Every structure is written in C-alpha cells, then in structure tokens.
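Read in the numbering used here, the sequence shown has 15 at position 5, and its numbers run on one by one without any break. Everything on this sheet refers to the single structure shown next.
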Amino acid sequence: MKLMNIEGTIDLLGEAHAHPKGRVYSHVSILTTKGDEVLAHNVCVHESLADKLRLGVTGAFVLQKTLFSTVLREAEIATAA
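Take a look at the structure:
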C-alpha cells in the first residue's frame, strides 16, 4: 500500500460506476502544481467526496494505491475567492 499526496487540478475523470459507499472511476488524471500528470486507474471515491470531484477542481488530494485499485482518501478542495 502506498500513499500519494498530490496538489493540483483534476484534468480527466473517466466513466463512473455506483458503489455502495460512493463511486468508482475508471481513471482520474491530476495535473500537479509542478506540471506533472498523475494518472490513477479504478479510483474509489467515498460518497462524501464524490459530489465535490469534477473537472477543473483544484486542491490537495491523498490517494492510497493498492494492488488492484486506488482510493481517494482525502481531498482539500480550494474555494474560489
């Protein structure tokens, strides 16, 4: 298991499927503040975060990488001024 702390913007959201505790996205791409791209597949998102996750959202994201999937553990979404 590996934790990744990423600051950036959601650039791509793949197809989402309902899950008893939220949604599972086929893939999520985050453009980091350094200009890199982080691409994760089979991303599980808890229902408390699923409604906040959309294209263009900027913030700090904590992804937990497991053998077969990735879990979005935390997200601090930046608010517009």
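Quick reminder that beta carbons are idealized off the backbone N, C-alpha and C, glycines included. The model shown is predicted, which means the values in this text are computed figures rather than measured ones.
Going by other Cβ atoms of all chains shown within 10 Å of its Cβ, with 16 needed for buried, is residue i buried or exposed?
i                : result
valine 88        : According to the sequence provided, residue 88 is alanine. The question's valine does not apply to it. Exposed is the call here.
phenylalanine 71 : buried
threonine 80     : buried
leucine 73       : buried
Once the 5 residues before and after residue i are set aside, which same chain residues still bring their CB inside 8 angstroms of it?
i                : result
phenylalanine 78 : Asn52
Going along the chain, which residues of its own chain have a beta-carbon closer than 7 angstroms to the beta-carbon of residue i, five neighbours each way excluded?
i            : result
valine 55    : Gly32, Arg33, Tyr35, Leu63, Leu82
threonine 76 : Met11
leucine 65   : Ile20, Leu23
Can you tell me the Cβ-Cβ gap for residue i and residue j, rounded? I've got them flagged as a contact below 8 angstroms.
i         : j            : result
serine 39 : aspartate 61 : 19 angstroms between Cβ atoms; not a contact.
Whose C-beta lies closer than 6 angstroms to the C-beta of residue i among residues of the same chain, with five residues either side of it excluded?
i            : result
alanine 26   : Arg33, Tyr35
glutamate 17 : Thr43, Ala70
Are the CB atoms of residue i and residue j nearer to each other than 8 angstroms?
i            : j          : result
histidine 37 : alanine 50 : yes
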